[in-house]
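**Q** Before we start, here is the structure in question, set down as structure tokens.
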Amino acid sequence: MSDLLKKTPPEPVSVIDDVDITELIENAPLFLDQAIQYQELMMMYDCAIKEIRTKLEVLNSEFSVRYQRNPIEFISSRIKKPVSIARKLRKRGLPVSVPSMEDNLTDIAGVRVICSFIDDIYAIADMLTQQDDLRILERKDYIRTPKANGYRSLHLIVEVPVFFSDHKRAMKVEIQIRTIAMDFWASLEHQLKYKKSVPDEQEIIRELKDCADTIAATDQRMMAIRNRIHSAPDTPEEAGGGDEL
């Protein structure tokens with residue numbers, strides 16, 4: 009028999025997103041007893057995300073026509089997982105139930121907006137928050153006032169009306185707006201936060217803080233360079249519309 013056939017099959021790998029199975033069992037009421045209410049509420053949050061994404065896509069399209077550029081590079085969204093919801097409620101000492109999650113959590117539905125430049129972040133946020141059907145519940149500017157670890161982003165908690173077949177319902181959505189570089193940093197820092205044991209963790213935290221400061225300075229320089237380029241006069245060919253592909 010070949011060596012390949014002699015090898016022991018690998019152990020099955022768990023795909024429950026690094027969640028302790030005990031925690032799943034403890035939070036069973038959220039998943040079972042209130043399954044129908046939970047499913048309906050998640051559908052409503054998903055619809056709220058669609059509303060916000062549409063608003064952002066409209067603004068991006070308008071910019072493209074009026075200013076010949078897109079301030080938004082891409083948009084992503086997510087709905088918080090059941091175990092994450094239950095964990096957050098338990099951490100706050102709140103009941104794990106559908107009414108509790110709707111009343112007490114503002115980040116179940118999340119939209120992330122990635123921009124090229126810092127001033128685009130504020131332009132998009134201002135245009136979005138001026139829309140009269142949106143209610144702004146909270147605004148946290150971690151760009152002008154970064155977190156101690158170097159995290160930078162603009163956070164908005166908004167309430168958007170969603171029209172269903174027989175009623176209208178105001179749904180909460182968290183919107184995070186940041187540059188590409190800020191998002192890259194946040195993604196790496198997130199990995200560190202959820203690792204149970206990392207060698208030289210304090211050194212890595214210091215290096216990440218240094219990187220955050222470098223990224224912030226680079227974002228500012230890139231914006232200044234872009235402004236210098238845009239302020240330069242067009243060449244005759246550009247003014248007349250060139251044939252470049």
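Counting from 9, one number per residue, gives the positions in the sequence shown under the working numbering.
Where a beta carbon is used, it is the ideal one built from N, C-alpha and C, also for glycine.
Could you check the C-alpha separation between isoleucine 29 and alanine 43 for me, to the nearest Å?
**A** With a pLDDT of only 46 at isoleucine 29, under 50, the local geometry of the prediction cannot be trusted, and no value is derived from it.
**Q** Does DSSP put isoleucine 237 in a helix, in a strand, or in coil?
**A** helix
**Q** Buried or exposed, going by whether 16 or more other CB atoms sit within 10 Å of the CB of leucine 64?
**A** Counting Cβ neighbours within 10 Å, leucine 64 comes out buried, since at least 16 surround it.
**Q** Ordered along the chain, which non-local residues of its own chain (more than five positions away) have a Cβ less than 7 Å from that of isoleucine 188?
**A** Glu81, Ile122, Ser124
**Q** Starting from threonine 187, follow its DSSP beta bridges and name the residues at the other end.
**A** Cys123
**Q** Cα separation between aspartate 221 and leucine 145?
**A** 29 Å
**Q** May I have the straight-line CA-CA distance separating lysine 201 from alanine 131, to the nearest angstrom?
**A** 31 Å
**Q** Please list, in chain order, all residues of the same chain as aspartate 174 whose beta carbon is under 8 Å from its beta carbon, the five residues on each side excluded.
**A** Within the same chain, aspartate 174 has no close Cβ partners at all.
**Q** Suppose the cutoff is 7 Å on Cβ atoms and the five residues either side in sequence are ignored; what does the same chain contact list for arginine 234 look like?
**A** Phe125
**Q** Between phenylalanine 192 and the rest of its own chain, which residues show a CB-CB distance below 6 Å, the 5 nearest in sequence each way excluded?
**A** none
**Q** When you compare only the Cα positions, how much space is there between aspartate 128 and asparagine 78?
**A** Their backbone Cα atoms lie some 9 Å apart in a straight line.
**Q** Could you check where the alpha helix (DSSP H) with serine 85 kicks off and where it finishes?
**A** Per DSSP, serine 85 belongs to no alpha helix (DSSP H); it is in the beta strand (DSSP E), 80–87.
**Q** Report the three-state DSSP secondary structure of aspartate 242 (helix, strand or coil).
**A** coil
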